[in-house]
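What follows is a set of notes on a single structure, which appears directly below.
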Amino acid sequence: MSDHKGSYFQRDRDWHPPAYTPDYKTSVLRAPRQALLSLDNTISEMTGPVFGHDVLGPRDDDLITNWAKTGDAIGQRIVVHGRVLDENGRGLPGVLLEFWQANAGGRYRHHKETYHAALDPNFGGCGRAITAQDGSYRFRTIKPGAYPWPNRVNDWRPAHIHFSVFGHAFAQRLVTQMYFEGDPMIWQCPIVGTIPDKRAVEQLIAALDRQNTTHMDALAYKFDIVLRGRRSTLFENRMEGN
Amino acid sequence: MVQRLDYLKESPSQTAGPYVHIGTNPNWVEITGVWNGDLGLVLVGPDTKGERILVTGRIFDGLGKPLNDALVEIWQADADGLHNSPEEKRGRADPHFAGWGRQPTHRETGEFRFETVKPGRVPYVDGRPMAPHITVYIVARGINIGLHTRLYFADEAAANAECPVLNRIEHPARRETLVARRGEEGGLPVYTFDVHLQGHHETVFFDV
Numbered sequence: 129m130s131d132h133k134g135s136y137f138q139r140d141r142d143w144h145p146p147a148y149t150p151d152y153k154t155s156v157l158r159a160p161r162q163a164l165l166s167l168d169n170t171i172s173e174m175t176g177p178v179f180g181h182d183v184l185g186p187r188d189d190d191l192i193t194n195w196a197k198t199g200d201a202i203g204q205r206i207v208v209h210g211r212v213l214d215e216n217g218r219g220l221p222g223v224l225l226e227f228w229q230a231n232a233g234g235r236y237r238h239h240k241e242t243y244h245a246a247l248d249p250n251f252g253g254c255g256r257a258i259t260a261q262d263g264s265y266r267f268r269t270i271k272p273g274a275y276p277w278p279n280r281v282n283d284w285r286p287a288h289i290h291f292s293v294f295g296h297a298f299a300q301r302l303v304t305q306m307y308f309e310g311d312p313m314i315w316q317c318p319i320v321g322t323i324p325d326k327r328a329v330e331q332l333i334a335a336l337d338r339q340n341t342t343h344m345d346a347l348a349y350k351f352d353i354v355l356r357g358r359r360s361t362l363f364e365n366r367m368e369g370n
Numbered sequence: 010m011v012q013r014l015d016y017l018k019e020s021p022s023q024t025a026g027p028y029v030h031i032g033t034n035p036n037w038v039e040i041t042g043v044w045n046g047d048l049g050l051v052l053v054g055p056d057t058k059g060e061r062i063l064v065t066g067r068i069f070d071g072l073g074k075p076l077n078d079a080l081v082e083i084w085q086a087d088a089d090g091l092h093n094s095p096e097e098k099r100g101r102a103d104p105h106f107a108g109w110g111r112q113p114t115h116r117e118t119g120e121f122r123f124e125t126v127k128p129g130r131v132p133y134v135d136g137r138p139m140a141p142h143i144t145v146y147i148v149a150r151g152i153n154i155g156l157h158t159r160l161y162f163a164d165e166a167a168a169n170a171e172c173p174v175l176n177r178i179e180h181p182a183r184r185e186t187l188v189a190r191r192g193e194e195g196g197l198p199v200y201t202f203d204v205h206l207q208g209h210h211e212t213v214f215f216d217v
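Respectively, the protein sequence lines represent chains F and H.
For what it's worth, our numbering labels the leading residue of the first sequence as 129, then goes sequentially.
For what it's worth, our numbering labels the leading residue of the second sequence as 10, then goes sequentially.
Here it is, written out as structure tokens:
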């Protein structure tokens with residue numbers, strides 16, 4: 129029997145990027161240098177905020193229309209769908225996903241953006257979804273463009289969508305990025321390159337999903353997200369109520 | 010050969026980047042009308058129980074420059090030490106207090122600021138009480154994986170001295186990096202929690 133109510137599996141820090149990654153230059157002054165303090169999960173980390181469907185607006189999951197002024201956003205229309213799972217392989221319901229991205233030309237709608245590509249007057253670039261009972265989610269958007277960024281003289285980001293993920297506990301909090309199958313620029317990117325293990329990078333590459341395209345409308349990409357799993361409580365030595 | 014364990018791997022983290030606010034605080038970057046308001050700006054309402062406090066601070070890089078593009082989240086217990094979460098098994102938290110807040114750091118000053126309530130005490134794994142604290146989570150451009158830390162309160166010296174988490178920090182001087190100093194602003198206690206990413210005063214960050 130395993131009811132998975134125990135503490136969360138230790139985070140595999142060799143699978144995640146380390147803090148200090150000099151090829152991604154901004155990390156040099158922003159990376160803590162001291163060892164992290166290992167902390168057994170307490171109630172403070174094993175709880176977390178819950179977001180109900182009441183926070184969502186009717187078009188939060190459609191970036192093609194949710195900021196449209198005169199027509200649909202320009203670009204390759206895609207559906208991104210998948211499941212949020214934990215490391216035990218269980219679908220996680222009620223997970224708030226927030227996503228943001230550049231437009232089809234690779235331009236963000238943000239005051240710090242300096243890239244020459246044009247803004248799309250019909251594209252804001254943000255969306256949200258909450259996972260269903262089986263952990264599934266989906267949203268519609270346009271495929272973002274690649275863009276240059278100030279790091280080394282000629283660095284470009286591969287096309288990507290940012291994800292912020294709230295699991296069931298603050299210990300599961302995760303911010304990551306999704307890349308697109310077949311993009312050669314993934315393997316040239318210093319931010320992707322902060323991840324030490326090629327298999328871990330591959331975990332962030334969404335697969336082109338021809339089974340789920342929408343006829344005469346949108347391509348589909350499948351992107352599963354895995355959050356930390358929980359131990360079974362069966363033999364766990366914890367005080368009542370912990 | 011042995012049987013396969015078949016655990017999945019956690020998705021690896023990637024930096025939130027410089028444009029994180031588009032996804033978390035779109036109204037703050039003039040992407041208005043997509044959703045009504047940015048989540049997490051307000052923690053307390055007129056019916057929230059407990060002592061009102063302000064929490065403020067800045068996040069400094071290794072050369073002492075405040076980050077003006079970071080995103081700060083806080084998560085805390087209510088005034089009675091209960092979290093507003095289905096995972097809270099010890100009782101029902103104040104329904105008028107979400108316990109979660111989120112703010113971008115200010116574009117010029119780098120300051121973050123929350124109005125909240127002072128949290129009650131929460132037990133450690135073995136049941137001993139931890140000192141009152143607020144969990145703090147920071148993401149930003151240049152931060153590859155979100156940073157977890159805790160804010161403790163300078164006017165809780167006795168509780169801090171017996172907190173099992175603070176006492177796990179080997180060097181007493183480093184414990185001080187987690188203790189917010191107390192002041193007053195407009196009749197409310199204000200606790201200042203400056204985070205140092207590097208240097209002699211580097212904040213203690215947790216592997217939770």
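Cβ atoms here follow ideal geometry from the backbone N, Cα and C, with glycine treated the same way.
What you are looking at is a predicted structure, and each value in this text was computed from that prediction instead of being measured.
**Report entry** Pick from H/G59, H/L63, H/L48 that is closest to F/G180, judged by C-alpha positions
**Finding:** Residue H/L48 is the option with its Cα nearest to F/G180.
Requested in this report: Let me know the secondary structure DSSP gives F/K326 once reduced to three states.
Outcome: helix
Report task. Closer than 8 Å by C-beta to H/I40: which residues in its own chain qualify, once you throw out the five before and the five after it? Chain order, please. Result -> I31
Query raised in the report: Where does H/V217 fall in DSSP's three states?
Result: H/V217: coil per DSSP, three-state reduction.
Report task. Determine contact between the segment 114-127 of chain H and the segment 57-64 of chain H, defined as no fewer than three beta-carbon pairs at a distance below 8 Å. Result -> yes
Query raised in the report: Taking just the CA atoms, how far does F/Q204 sit from F/S135?
Result: 42 Å
Query raised in the report: In chain F, what lies closer than 8 Å to H/A149 by C-beta?
Result: R158
Query raised in the report: So which residues on chain H does F/P145 lean against when the C-beta distance must stay under 9 Å?
Result: P21, S22, Q23, T24, N153, I154
Report task. Tell me whether H/F123 sits in a helix, a strand or coil according to DSSP, three-state version. Result -> strand
Report task. If I'm right that H/P21 touches F/Q331 with Cβ under 8 Å, what's the distance once you round it to whole angstroms? Result -> 6 Å
Query raised in the report: The alpha helix (DSSP H) with F/G172 in it runs from where to where?
Result: Rather than Gly, the amino acid found at residue 172 of chain F in this sequence is Ser. Segment 171-174, the alpha helix (DSSP H) holding F/S172.
Requested in this report: Quick one: which unbroken beta strand (DSSP E) runs of 3-plus residues sit fully inside the segment 104-182 of chain H? Chain order, please.
Outcome: For secondary structure counted as the beta strand (DSSP E) over 3 or more consecutive residues, the segment 104-182 of chain H holds these complete runs in sequence order: 109-113, 121-126, 142-148, 156-162.
Query raised in the report: Does F/A328 get closer than 8 Å to chain H when you measure Cβ to Cβ?
Result: yes
Query raised in the report: Name the residues in the segment 190-217 of chain F whose C-beta lies less than 8 Å from a C-beta of chain H; which are they?
Result: Within the segment 190-217 of chain F, the qualifying residues are N194, W195, L213, D214, E215, N216, G217.
Report task. Using the DSSP secondary-structure output, state which residues sit across from F/T304 in a beta bridge. Result -> Note: F/T304 sits in a beta bridge opposite F/F291.
Query raised in the report: Which term fits F/R141, buried or exposed, when burial requires 16 or more other beta carbons within 10 angstroms of its beta carbon?
Result: Counting Cβ neighbours within 10 Å, F/R141 comes out exposed, since fewer than 16 surround it.
**Report entry** Neighbourhood of H/Q207 by C-beta distance below 6 Å, restricted to the same chain and skipping five residues each side
**Finding:** G71
Query raised in the report: Since H/A107 meets chain F, which of its residues come closer than 8 Å, beta carbon to beta carbon?
Result: Listed by position along chain F, the residues whose Cβ is nearer than 8 Å to that of H/A107 are P177.
Query raised in the report: Per DSSP, what kind of secondary structure is F/K271 in: helix, strand or coil?
Result: Coil, per DSSP.
Query raised in the report: DSSP state of F/F298, grouped into three classes?
Result: helix
Report task. Compare the C-beta of F/I333 against all C-beta atoms of chain H and say whether one is closer than 8 Å. Result -> Chain H, which has no Cβ nearer than 8 Å to the Cβ of F/I333, makes this no.
Query raised in the report: For H/K18, which of helix, strand or coil comes out of DSSP?
Result: coil
Query raised in the report: Does the distance from the C-beta atom of F/P286 to that of F/Y265 stay below 8 Å?
Result: A distance of 8 Å or more separates the beta carbons of F/P286 and F/Y265.
Query raised in the report: In three-state terms, what does DSSP make of F/R141?
Result: coil
Requested in this report: Output, in sequence order along the chain, the residues in the segment 291-311 of chain F whose CB is closer than 7 Å to any CB in chain H.
Outcome: S292, H296, A297, F298, A299, R301, L302, V303, T304, Q305
Requested in this report: Could you tell me the distance, in whole angstroms, from the CA atom of H/L63 to the CA atom of H/L52?
Outcome: 11 Å
Query raised in the report: Is the Cβ-Cβ distance between F/R301 and H/G155 less than 8 Å?
Result: Taking 8 Å as the Cβ cut-off, F/R301 and H/G155 qualify as a contacting pair.
Report task. Please look up how many angstroms separate the CB atoms of F/E309 and H/K18, rounded, as I've assumed it's under 8 Å. Result -> So it is not a contact: roughly 19 Å between Cβ atoms.
Requested in this report: Go ahead and pull the three-state DSSP assignment for F/S97.
Outcome: Examination of residue 97 of chain F is not possible in this model, given that chain F is present from 129 through 370 alone.
Query raised in the report: Is the Cβ of F/G369 closer than 8 Å to any Cβ of chain H?
Result: Residue placement at F/G369 is poorly supported in this model, since its pLDDT is 43, which falls under 50; the coordinates still yield a value, given next. For F/G369, the answer is yes, since a Cβ of chain H falls inside 8 Å of its Cβ.
Query raised in the report: Would you say H/Y28 faces chain F, with C-beta separation under 8 Å as the test?
Result: yes
**Report entry** Helix, strand or coil at F/G369 [DSSP, three-state]
**Finding:** Unreliable placement is indicated for F/G369, whose pLDDT of 43 sits below 50; no coordinate value is reported for it.
Query raised in the report: Using a Cβ-Cβ distance under 8 Å, would H/R177 count as near chain F?
Result: yes
Query raised in the report: Whose C-alpha, out of F/L167, F/W195, F/G210, F/G217, is nearest the C-alpha of F/L336?
Result: F/G210
Query raised in the report: Mind listing which residues of the segment 126-141 of chain H have their C-beta closer than 8 Å to chain F's C-betas, in chain order?
Result: Those residues of the segment 126-141 of chain H placed with their C-beta closer than 8 Å to a C-beta in chain F are V131, P132, Y133, V134, D135, G136, M139, ordered along the chain.
Query raised in the report: If you run the structure through DSSP and keep just helix, strand and coil, what is H/H30?
Result: helix
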